[in-house]
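Take a look at the structure below.
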Amino acid sequence: DSGVTQTPKHLITATGQRVTLRCSPRSGDLSVYWYQQSLDQGLQFLIQYYNGEERAKGNILERFSAQQFPDLHSELNLSSLELGDSALYFCASSVMVDNSPLHFGNGTRLTVT
Amino acid sequence: SQKIEQNSEALNIQEGKTATLTCNYTNYSPAYLQWYRQDPGRGPVFLLLIRENEKEKRKERLKVTFDTTLKQSLFHITASQPADSATYLCALARTYGNEKLTFGTGTRLTIIP
């Protein structure tokens with residue numbers, strides 16, 4: 001068990017809708033990362049937060065947004081959903097000191113119909 | 001553009017033999033490289049990290065090498081077992097803060113009994 005909790009595990013929704021994915025990092029980790037994994041793209045970095053502040057941004061669409069709250073949990077908001085947004089969304093956390101490894105949750109599987 | 005390539009999508013190895021996976025990168029000067037294991041439907045799990053100034057790292061039956069001249073890392077599993085069957089991902093970061101840690105697409109390893 002990585003200690004990273006993601007909810008929900010599965011989400012099925014229709015095109016055009018908006019969803020929120022939630023992540024609780026491992027106790028003591030200040031940094032949270034969001035990744036998208038689809039069959040043809042592999043793990044794509046979306047965004048990173050450190051202690052509530054945005055730290056790095058990857059290929060995150062404008063329809064997607066995220067935040068990290070004072071209690072360090074994070075939410076990824078996906079809006080105006082399209083079929084192509086169907087994927088596994090992973091959250092990871094790390095201590096963020098000197099090459100610390102990422103600890104991943106087991107993901108939220110999003111299906112857009 | 002920056003690219004990370006893992007030698008093949010799938011690799012089948014006889015039980016007891018050494019499995020060798022390759023990670024090649026271009027247009028990168030990584031500060032360090034990490035290897036992860038991912039089982040179906042689960043998040044990646046950290047295995048090993050090797051820094052740019054290190055040639056080799058070992059952990060039990062695992063060994064990683066890092067050649068910054070060849071821009072290549074090799075990941076070895078000795079005395080392979082069916083339980084080693086999984087997808088293995090390499091990941092690179094340009095800085096020491098895990099910012100924008102970028103993953104390869106992975107190699108699916110199957111150990112045949």
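Chain order of the listed sequences is A and B. Note that this note's numbering gives residue 5 to position 5 of the first sequence, counting from 1, and the numbers run on in steps of one. Note that this note's numbering gives residue 92 to position 92 of the second sequence, counting from 1, and the numbers run on in steps of one. Quick reminder that beta carbons are idealized off the backbone N, C-alpha and C, glycines included. Computed from a predicted model, the values in this text were never measured in an experiment.
Local Cβ density within 10 Å of residue i, reported as buried at 16 or more and exposed below that
i, result
"A/F90", "buried"
"B/P113", "exposed"
"A/F69", "exposed"
"B/S114", "Look at the range of chain B in this structure, 1 to 113, and you will see that residue 114 of chain B is not part of it."
"A/T15", "exposed"
"B/L47", "buried"
"B/Q6", "buried"
From the options, residue whose alpha carbon lies closest to that of residue i
i, options, result
"B/P30", "A/L88, A/Y50 and A/N99", "A/N99"
"B/I77", "B/T69, B/R61 and B/L89", "B/R61"
"B/Q2", "B/D39, B/G104, B/S73 and B/Y32", "B/G104"
"B/T69", "B/N27, B/N12, B/I13 and B/R42", "B/N27"
"A/S2", "B/Y32, B/V45, B/K55 and B/K71", "B/V45"
"A/E53", "A/G42, A/D40, A/H73 and A/G16", "A/H73"
"A/F45", "A/L102, A/N59 and A/G84", "A/N59"
"A/Y50", "A/D71, A/Q41 and A/G42", "A/D71"
"A/T13", "A/S86, A/V4 and A/A56", "A/S86"
"B/V64", "B/L33, B/R94 and B/S85", "B/L33"
"A/K57", "A/R109, A/V32, A/G28 and A/T108", "A/V32"
"A/S79", "A/Q17, A/K9 and A/R109", "A/Q17"
"B/R94", "B/P40, B/R51 and B/Q14", "B/R51"
"B/K163", "A/R55, A/T108 and A/E75", "The structure shown does not extend to residue 163 of chain B, since chain B is modelled only from 1 through 113, so no value can be given for it."
C-beta atoms of residue i and residue j nearer than 8 Å
i, j, result
"A/R26", "A/S93", "yes"
"A/L81", "A/V112", "yes"
"B/L109", "B/L49", "no"
"B/T102", "B/L89", "no"
"B/S172", "B/A19", "No information on residue 172 of chain B is available, as it lies outside the stretch 1 to 113 that chain B covers here."
"A/N77", "A/T20", "yes"
"B/L11", "B/T87", "no"
"A/V95", "A/L11", "no"
"B/K71", "B/Y36", "no"
"B/G43", "A/G105", "yes"
Alpha helix (DSSP H) runs wholly inside the stretch 22-95 of chain A, at least 4 long, in chain order: none
Three or more C-beta pairs below 8 Å linking the stretch 36-45 of chain A and the stretch 58-71 of chain A: yes
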